[in-house]
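Notes follow once the structure below has been shown.
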Amino acid sequence: MKFAQKVLHQLLQLTMTQEILKCTKKKASQVFTFTLDITSEVSRVPKIKKNIIIDCPIEAVWETLSCFDQISLWAENVSHSCFLTEQREGVGTIRRIQQKSTVLTERIIIWNDFSSLGYELSGLPPIFSKVTNTWFLSSGENGVEVSLEVEIVPKRRLAVPFAAVACIVIGRVNNRMILGLKDYLENAEPIRKLREEISTLTSRLIQLENSRDSL
1 MKFAQKVLHQ LLQLTMTQEI LKCTKKKASQ VFTFTLDITS EVSRVPKIKK NIIIDCPIEA
61 VWETLSCFDQ ISLWAENVSH SCFLTEQREG VGTIRRIQQK STVLTERIII WNDFSSLGYE
121 LSGLPPIFSK VTNTWFLSSG ENGVEVSLEV EIVPKRRLAV PFAAVACIVI GRVNNRMILG
181 LKDYLENAEP IRKLREEIST LTSRLIQLEN SRDSL
């Protein structure tokens, strides 16, 4: 909370000149970055990006993210998720998510296979013109580098400090999401697939036994 208060205090002191505020914290494979880049009266857009390395194929990461209605499987802060459109993939697809008592809708605005997926959030305070979350994927030597960036566009200059604080709050939620994705892909998903393979193998063995008995 002290960090948010410090950022809010700094934001309230900003003038109309070009300024850049950056605060970075590093912990293990997680990187927390807050950036406010001000170049004009209308370019005060807070952003926070979370980065992490996931040890799995990039295809697996994309498959999980692109199953847009299945976020509740791996994001522990999402209790329910479902489609609101017949469209299931690509720009224009909309899902509904529930986080405790909060209900949001998210509409895909960026869809680049195995590269990036972005969506606009609806259901937040009306003082913001636009709130977006964007996932970025890139293959590396140690796995897939996954980034999740939240960007909040305030309606007017007076809302910039509130947008910055909201960005920090959503950034913390995103941190739990990106860690949940890593845990799901590196631990839960391989176990689930192994169980499916065992179940399939068991079914085939039973079929073979039944076929042999019928001879």
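Take the sequence shown: its letters are residues 1 to 215, numbered as in our numbering. In this text, a Cβ means the ideal position worked out from N, Cα and C, and glycines have one as well.
| query | result |
| --- | --- |
| From residue 173 to residue 77, what distance separates their C-alpha atoms? | 8 Å |
| Using a Cβ distance threshold of 8 Å, determine whether the segment 84 to 98 contacts the segment 106 to 117, with at least three qualifying pairs required. | yes |
| Could you give the DSSP three-state label for residue 27: helix, strand or coil? | In this prediction, residue 27 scores a pLDDT of 48, lower than 50, which makes its location untrustworthy; the coordinate-derived value is nonetheless stated afterwards. In this structure, residue 27 counts as strand in the three-state DSSP scheme. |
| Could you check which residue in 203, 158, 131 and 184 has the C-alpha nearest to that of residue 65? | 184 |
| Per DSSP, which residues does residue 143 bridge with? Please list them. | 140 |
| Give me the residue from 60, 75, 73 and 128 with the minimum Cα distance to residue 165. | 128 |
| Is residue 72 helix, strand or coil when you go by DSSP? | helix |
| Using only the alpha-carbon positions, how far apart do residue 91 and residue 47 sit? | 22 Å |
| Flag this pair as touching only if the segment 129 to 140 and the segment 82 to 89 have three or more C-beta atom pairs under 8 Å; answer yes or no. | no |
| Excluding sequence positions up to five away, which residues of its chain have a Cβ less than 7 Å from the Cβ of residue 115? | 137 |
| Could I get the ranges of all uninterrupted alpha helix (DSSP H) runs contained in the segment 46 to 114, with 4 residues as the minimum, in chain order? | 58 to 66 |
| Just the Cα atoms here: how many angstroms apart are residue 58 and residue 140? | 10 Å |
| What separation, rounded to the nearest whole angstrom, lies between the Cα atoms of residue 200 and residue 211? | 17 Å |
| For a quick check, are the C-beta atoms of residue 177 and residue 60 less than 8 Å apart? | no |
| Between residue 54 and residue 186, is the Cβ-Cβ spacing less than 8 Å? | yes |
| Following the continuous alpha helix (DSSP H) through residue 124, name the residue where it begins and the one where it ends. | First-last for residue 124: undefined, no H or E at that position. |
| Using only CA atoms, which one of 79, 197 and 62 lies nearest to residue 103? | 79 |
| Between residue 156 and residue 126, what straight-line distance do the alpha-carbon atoms span, to the nearest angstrom? | 11 Å |
| Can you give the beta carbon distance from residue 143 to residue 56, rounded, assuming they're within the 8 Å contact cut? | 7 Å |
| Leaving aside the five residues before and after residue 123 along the sequence, list all residues of the same chain whose C-beta is less than 7 Å from its C-beta, in chain order. | 103, 104 and 105 |
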